[in-house]
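Quick notes on the structure that follows.
Residue numbers (full-length UniProt numbering): 1 to 151.
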């Protein structure tokens, strides 16, 4: 019932905006916005799922191998963004301490002793078996992991 000028004054816009809105409503049969156009995503949900599966299966995989295995034709930074905040970067892998011959023999004796006591053996953790760290003193490898799963 009101004139376009009155509606424009009421909503704080121009009269031309009111005319355009009425025209669009007649064409589309609704007052909602039209779908936004934009560049399509290079990495869809299927590829992201594939990437996450590969990273969890092979935490030592290189970014370029990850791109090749997933079949995505994208750059490394796109993969980093797609992996999300938890797996966006790789962490330094801990350097495993080389065991001395006497330590190897001692571990073999322990393993033979606990052969029938599986539960107790599984609960034991040796001090030289940490899996990852985030420090520059081990230059030999990188691994994917979530920040909570440090050890």
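Where a beta carbon is used, it is the ideal one built from N, C-alpha and C, also for glycine.
Measuring straight from C-alpha to C-alpha, what distance separates residue i and residue j?
i: residue 31; j: residue 40; result: 25 Å
i: residue 2; j: residue 37; result: 33 Å
i: residue 34; j: residue 10; result: 24 Å
i: residue 109; j: residue 103; result: 10 Å
i: residue 28; j: residue 89; result: 45 Å
i: residue 107; j: residue 101; result: 10 Å
i: residue 57; j: residue 105; result: 32 Å
i: residue 6; j: residue 51; result: 56 Å
i: residue 91; j: residue 99; result: 24 Å
Between which residues of its own chain and residue i is the CB-CB distance below 8 Å, once the five residues before and five after are set aside?
i: residue 55; result: 61, 66, 83, 87 and 144
i: residue 4; result: 15, 18, 19 and 22
i: residue 8; result: 14, 15, 17 and 18
i: residue 76; result: 63, 64 and 67
Report all residues from its chain with a CB closer than 7 Å to the CB of residue i; omit the five preceding and five following residues, and keep chain order.
i: residue 43; result: 72, 74, 78 and 82
i: residue 25; result: 31
Which of the three DSSP states is assigned to residue i in this structure?
i: residue 130; result: For residue 130, the predicted model reports a pLDDT of 49, less than 50, meaning its position is unreliable; a value from the coordinates is still stated below. Correct three-state label for residue 130: coil.
Could you pull out every residue in the same chain whose Cβ sits closer than 6 Å to the Cβ of residue i, ignoring the five residues on either side in sequence?
i: residue 69; result: 54
For the region 72-90 and the region 104-118, state whether three or more C-beta atom pairs, one from each stretch, are separated by less than 8 Å. no
Three-pair Cβ contact test at 8 Å for the region 46-53 versus the region 9-17: Under the three-pair Cβ rule at 8 Å, the region 46-53 does not count as touching the region 9-17.
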